[in-house]
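K.L.:
Could you have a look at this structure, given as structure tokens, before my questions?
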Amino acid sequence: MLSILKDVDPGFLEGLLRRKNSIFLKSCLLTPNSHRVTEFGQHMIFDESNRLYRKLIDFRGTANDLSMCVFNRIKVSKIRAERSLTNDPNAPATGLKYVKELVLAKRTNHAFRMVVVGDPNIKLGEIGIPCHVAEDLHMAEPLSSRNWEKLTDHCDLMILQKGAIHVRRNGVLVRISVMDQLQRGDIIYRPLIDGDVVLINRPPSIHQHSLIALSVRILPIISVLSINPLVCSPFRGDFDGDCLHGYVPQSIDSRVELSELVGLNRQLIDGQSGQNLLSLSHDSLTAAHLVLEEGVFLDRFQVQQLQMFCPHQVGMPAIVQAPLRNRSYWTGKQLFSLFLPSDLDCDFPSNGVCISDGEIVTSSGGSSWLRDASENLFYSLVKHHGGDTLDLLYAAQAVLCEWLSMRGLSVSLSDLYISSDPYSRENMIDEVFCGLQEAERLSYIQLLMSRYNHDFLAGSLEVSQKAMGFNLEFMSIMQQKSASLSQASVSSFKHVFRDIQNLVYNYASKENSFLAMLKAGSKGNLLKLVQHSMCLGLQQSLVPLSFRMPRRLSCDAWNNHKAHLPFEKAHNVPERPGPYIPCAVVENSFLAGLNPLECFVHSLTTRDSSFSGHADVSGTLNRKLMFFMRDLYSGYDGTVRNAYGNQIVQFSYYSAEQISSTYNRASHAIGGHPVGSLAACAISEAAYSALDLPVGALEPSPLLNLKKILEAGVKSNSSEKTATLFLSRRLGRWAHGFEYGAIEVKGHLERLLLSDIVSTVMICFSPETCKSTHSSPWVCHFHIDKEYVKTRRLKLKSVIDALNMRYRSTRMEAGIDLPSLHITCKDCSAAEMQKANSKICIAVAVVETSKDSFSLLDTLRDLVIPFLLETVIKGFSAFKKVDILWRELPSTSKSSRGSTGELYLQVFMSESCDRNNFWNALVDSCLHIMDLIDWERSHPDNVHDLTVAYGVDVAWKYFLRNLNSAVSETGKKILPEHLVLAADCLTATGEFVPLNTKGLAQQRKCAGVISPFMQACFSHPGDSFVRAAKTELSDDLQGSLEALAWGKTPSTGTGFSFDIIYSEKGYEPAAPTDVYALLGNHVTSNRQKVKVTLDEDNETADKALARRLCKLDDLNTKRCKSQWSIANLRSFLSFNDIKKLSQALKQMLSKYAIDRELSEADKSIVMMALHFHPRRSEKIGKGAMEIKIGYHKEYEDSRCFMLVRTDGTVEDFSYRKCLQHALELIAPQKAKTYKWLNGASRGPTASSLQNEVK
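For the sequence shown, the UniProt record's numbering assigns the number 1254 to the last residue and increments by one with no breaks.
Written as structure tokens, this is what we have:
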């Protein structure tokens, strides 16, 4: 700011600004990046705001010119700008791009990005980095005494190469050219070395395990990274050009967090599904499947070769000596058991696998227990052995790949032929052709059973015979014109086509490599093999097209395609303008070759057009869920709270009533765990995986269904409302009771208009009618099929009464000018001309003669006919459609009669119904059929209507059930706690909030939290900032997004605040003790609570000897005996001291019973004597634990001291040898003549010694 004003008059500045630092961020409120030029790609964007800032920075002129520049800048600010009244679709973005690029985006210089390849020789927790790349990546490490030698060698080498290095000292870069200039505490930037930890990521980071910390391994390779192929699963990648991003941590805290929280050994359980994150894959999975087959044997040479890769020793051979070859053989199951822990016990009943004590006992087939199924081997390994599973997986991969290379596995064209000889292949192709014909026939039968073709199926013999000549072409045309007919036909065809696919298992040999990989689940699928080798089968377009396909895919059929148009008209095929749903059967395979039309159809129908249409849906859902749930964390009290306002979202994260899971989640119960972010990532992963699912024109999209469920809280006036009605269980008492009940409910509720049953409407001129009834000569005839009336259970009188009732009620309303009508049922000559006795005619005449004839004709045509056709003749006008549907029941709730599902009805609201009164109107309409419906389970499908009708708890359960079903349709498994937390987050205010900006603002308002910055980052940043500025709002920046944007540590995870609380349990204070008595009776001991007895009689007389022994103990403790001399030793002990010690030891031998341990005081005295033993080191051994009295092993009646060592062994020793050696050191002249056994004087007692020794 001062540089802007430097060219202004100095006198003006001195009068305006007395202190130069007063203008710092006070006179001009600017964000740090406000005048920064935004860079997008190769272009730099300058808006009007940037240009005016540039003028201020480069200002030269007077004070008036400066004020004009500031005024121009204020005029273009968004605070004073007028809002545009027109919504231009081509207008620029609302500022989200600028917020992301300038505020939220962070840059780092310690990162790399390279293509990744697979290397099975690298451990699972490692990543191979090229040596020249590792030299350019630097890691900051403080210089300390621990790493001084390692870092100084590196610095010395760098100084020799470059002449100087730069280190950071006290936050400032310092140039170092001499090694003596280095100081402890300097931050050294060294290149990566083996063992360093880096954070690896493969964008997009849509799930928890896309960020993994791996250990660096420097490799002499160029331009690629290397990882173990088994680690591809967490990254959702492969080796077809995928890139990995790496980040080098610079602080010790970040490196510790990466190792302890993000390391691969800490992420063995998938946080989304609860299953194991890693398992065998690719070649190792194929080898595991092959080695576990029956009849796989290995000789001694093969076992010895594979033994080098195994962590355990091989056991005894299964065949000790073969009868013919005279060799020993091991089975494949024994080989697989080599890398299993010896204490592993698990069963997998679905695959017939039993493992006992780390050995595979039985294995009947199938490899799902080796992959990521619900019951698999590696989940059991993770559960029982934790981080050791990585080593077991690596060993298994090495053993299996080595065995596979010894066995051999190659893929050739012979595997595509499936059959081993031309004769069997010809038979296989014939069976395929017959199967396709059967599938086509059954699909056409299903097509005929539809209601649209009921007349064709039940027609007269003459009509049926006439139709037999064109039935196949007729069915093909109708199938592609109607979505419902096409769906019925395709479902029937696929049911038969599954049997065609199973022919692969009948004709393929066991040596077929494709079949081995399919059974193992390592590569490919059965449909692709069938399409390559047998036939492509049914090809159906994923989206409607503007043309249809001929029934037979040949060039002649395509050339004659236009000739079918007159054919359609000749056989009364209804002409429906609009899109077709093309589908055709391709009888050839890729191996046999496709003709041009078959190739065109295949390329057209397999085009993945669903991805481009919904590619942004997954990203949008991910972004919305993260904004709603990012700041939810688990507290130390077990609750789940929101960082904004500390609002409670869940009282218990792991509720037994809501969640029943099998894996251990104790580690996730730590306070500060970001449970909201993990739940949002889990649901977003399901949304992204739904993009890979092909969405046809006849099938609902799992992705859009998930989006609909998550956005259920959005109130819309245009969406269609529905309700679900379940049938009463009492209908099961009768045969087909549910079917008849469903038809009854449907007939009672569904709106049936007159236009739905009328086949022909005509206006006839009848002068005779005019003369006889004094009405208009123009009569309107409505022709109705008698069979259709009978099928819908209609009565002609009820139809006429409904027309008259609506006519009378409408005439009474103001603003509707209907003429007087006369509605009757009569015989019609026009109807008889078409079909005798097959039509019913309802005649409507105008009972008015005042108007001229032509005006009455216009009234009939334009007013009366549309009005009567819209009349509801049965059911209720509020419900336009009622569908009878079927749903599968869970295995635990199947009916006693063995039914796998149940019928239910879905009621659709019509446009004439009040949206807010839909459910109440439906309940009132069902009063006459109340007993047919189970009202305890029936509900509206809208969560808002469900909340109003039954409360938020019922709506919550309904939302959770639908969310679980929608996630299952995507093919992903998500732990229940993630879904429960999402439901609780959306209902934290007491009602469902929409998953959009309004819903987020509503949540914050109910919590009493103001967060304009987060609202701006979510949507419309300009409007959010302007609104906050006008209302003078302030933001406390409490969330994770705000913390990351402004360089702070988020308050979740390791940044979560905690208090150290003292726990008194187990640390209660002891009872009060007399201090003087404690000091007077204190004895040092290795044991606690030792009872010490005092002998007051001899305490004074023996203090001198006790002090000397105490000093001797101190010297031994300090290990300074090597510095002793004979003179020093004699200064501590005298001949009389040795004599008194002898008498005390002799009394101990007689005082204690056999096998009784010495007291602590006596033990210390004996240990002092033992130090003088000539072979004391041999006697003490690994350490002395106790000393007791026992009999000598050679002299049964002779007592001696027994030393009990710490390893449990017992050794005897003679105290006389100890004292004899002590005399030789202290009084050598008396050691030869003095006899210890005949000593007359009474020496000191043990009681007198123990008081002063300790």
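Quick reminder that beta carbons are idealized off the backbone N, C-alpha and C, glycines included.
Please name the residue in Y329, Q272, W403, E969 whose C-alpha comes closest to that of L703.
P.N.:
The option with the nearest alpha carbon to L703 is E969.
K.L.:
If you measure between the beta carbons of S513 and D421, is that distance less than 8 angstroms?
P.N.:
Taking 8 angstroms as the Cβ cut-off, S513 and D421 do not qualify as a contacting pair.
K.L.:
From D343 to L381, what does the alpha carbon distance come to, in whole angstroms?
P.N.:
The straight-line gap from Cα to Cα measures roughly 11 angstroms.
K.L.:
Grab me the residues of A831's own chain with a C-beta within less than 7 angstroms of its C-beta, minus the 5 sequence neighbours each way, in chain order.
P.N.:
Bear in mind that a pLDDT of 46 at A831, under 50, signals an unreliable position, so the number given afterwards is only what the model happens to contain. H783, K839, C841.
K.L.:
Please classify L192: is it buried, with 16 or more other beta-carbons within 10 angstroms of its beta-carbon, or exposed?
P.N.:
Classification for L192: buried.
K.L.:
Taking only the alpha-carbon atoms, compute the straight-line gap between G125 and E402 and give it to the nearest angstrom.
P.N.:
Cα to Cα, the separation comes out at about 21 angstroms.
K.L.:
Using the rule of at least 16 other Cβ atoms within 10 Å of the residue's Cβ for burial, across every protein chain shown, is E511 buried or exposed?
P.N.:
Exposed: under 16 other Cβ atoms inside 10 Å.
K.L.:
Have a look at G672 and G638 and give me their C-alpha separation to the nearest angstrom.
P.N.:
Going from the Cα of G672 to the Cα of G638 covers about 10 angstroms.
K.L.:
Going by DSSP, name the residue or residues bridged to N276.
P.N.:
In the DSSP output, where bridge partners are listed per residue, N276 has I269.
K.L.:
Under 8 angstroms, with one C-beta from each stretch per pair, do the stretch 882–890 and the stretch 922–939 reach the 3-pair mark?
P.N.:
No, the stretch 882–890 is not in contact with the stretch 922–939.
K.L.:
Out of curiosity, what's the CA-to-CA distance linking E587 and M517?
P.N.:
Those two C-alpha atoms are separated by around 26 angstroms.
K.L.:
Taking T551 as the reference, give the member of P582, L413, N525 with the closest Cα.
P.N.:
Contrary to the premise, residue 551 reads as Arg rather than Thr in this sequence. It is P582.
K.L.:
Distance, Cα to Cα, S809 vs L818?
P.N.:
Computed Cα separation, rounded: 11 angstroms.
K.L.:
Smallest Cα separation from L436: which of E426, M406, V496?
P.N.:
The option with the nearest alpha carbon to L436 is V496.
K.L.:
Going by the CB atoms, is the gap between F339 and L390 shorter than 8 angstroms?
P.N.:
No, these two residues do not count as a Cβ contact at 8 angstroms.
K.L.:
Give me whichever residues DSSP pairs with Q906 in a beta bridge.
P.N.:
Beta-bridge pairing links Q906 to T724, D883.
K.L.:
Straight-line CA distance for I1180 to K150?
P.N.:
Rounded to whole angstroms, I1180 to K150 spans 42 angstroms at the Cα level.
K.L.:
Specify whether the stretch 123–138 and the stretch 95–115 touch according to this definition: at least 3 beta carbon pairs, one from each stretch, less than 8 angstroms apart.
P.N.:
These segments touch.
K.L.:
What does a CB cutoff of less than 7 angstroms around E685 pick up in its chain, not counting 5 residues either side in sequence?
P.N.:
For E685, where only same-chain residues beyond five positions count, the Cβ hits under 7 angstroms are I206, H207, Q272, K972.
K.L.:
Alpha carbons only, please: which of R175, L225, T152 is nearest the one belonging to R190?
P.N.:
The residue with the shortest Cα to Cα distance from R190 is T152.
K.L.:
Do the stretch 257–277 and the stretch 348–366 meet, that is, are 3 or more Cβ pairs less than 8 angstroms apart?
P.N.:
Cβ pair count under 8 angstroms is below three, so no.
K.L.:
For V799 and I709, I'd like the C-alpha separation in whole angstroms.
P.N.:
Each residue's Cα considered, the two are about 41 angstroms apart.
K.L.:
Out of curiosity, what's the CA-to-CA distance linking A679 and V980?
P.N.:
Each residue's Cα considered, the two are about 9 angstroms apart.
K.L.:
Sort out for me which residues DSSP pairs G128 with in a bridge.
P.N.:
Paired residues: R217, S226.
K.L.:
Determine the closest residue to L335 out of R733, A398, H384, K97, with distance taken between C-alpha atoms.
P.N.:
With distances taken between Cα atoms, L335 lies closest to A398.
K.L.:
Looking at the unbroken alpha helix (DSSP H) that takes in H206, where does it start and where does it end?
P.N.:
Residue identity check: residue 206 is Ile in the sequence provided, not His. From DSSP, I206 is part of no alpha helix (DSSP H); its letter is neither H nor E.
K.L.:
Would you kindly work out how many angstroms separate the C-alpha atoms of K1230 and L1223, rounded to a whole number?
P.N.:
Rounded to whole angstroms, K1230 to L1223 spans 7 angstroms at the Cα level.
K.L.:
State the beta-bridge partners of T1209 as determined by DSSP.
P.N.:
According to DSSP, T1209 bridges with nothing at all.
K.L.:
Pick helix, strand or coil for W330, following the three-state DSSP scheme.
P.N.:
DSSP places W330 in strand when its eight states are reduced to three.
K.L.:
Compare the beta carbon distance of P229 and G118 with 8 angstroms and say whether it is the shorter of the two.
P.N.:
For P229 and G118, yes; Cβs fall inside 8 angstroms.
K.L.:
If contact is defined by three or more beta carbon pairs under 8 angstroms, each pair taking one atom from either stretch, is the stretch 929–944 in contact with the stretch 720–729?
P.N.:
Yes, the stretch 720–729 is in contact with the stretch 929–944.
K.L.:
For a test of the three-state rule: what should DSSP assign to H495, helix, strand or coil?
P.N.:
Here H495 sits in helix by DSSP.
K.L.:
Considering only the alpha carbon of each residue, which of V256, E1157, L753, A955 lies closest to D984?
P.N.:
If we check each option's Cα against that of D984, A955 comes out closest.
K.L.:
Are L731 and G741 close, meaning C-beta to C-beta below 8 angstroms?
P.N.:
In contact: L731 and G741 (Cβ atoms closer than 8 angstroms).
K.L.:
Please check the pair F1201 and Y1191, which I expect to be a contact at CB under 8 angstroms, by giving their CB distance rounded to whole angstroms.
P.N.:
In fact, because the Cβ distance is near 11 angstroms, the residues do not count as touching under 8 angstroms.
K.L.:
Going by alpha carbons, who is nearest to K1005 out of D756, Y644, A1169?
P.N.:
When each option's Cα is compared against that of K1005, the closest is Y644.
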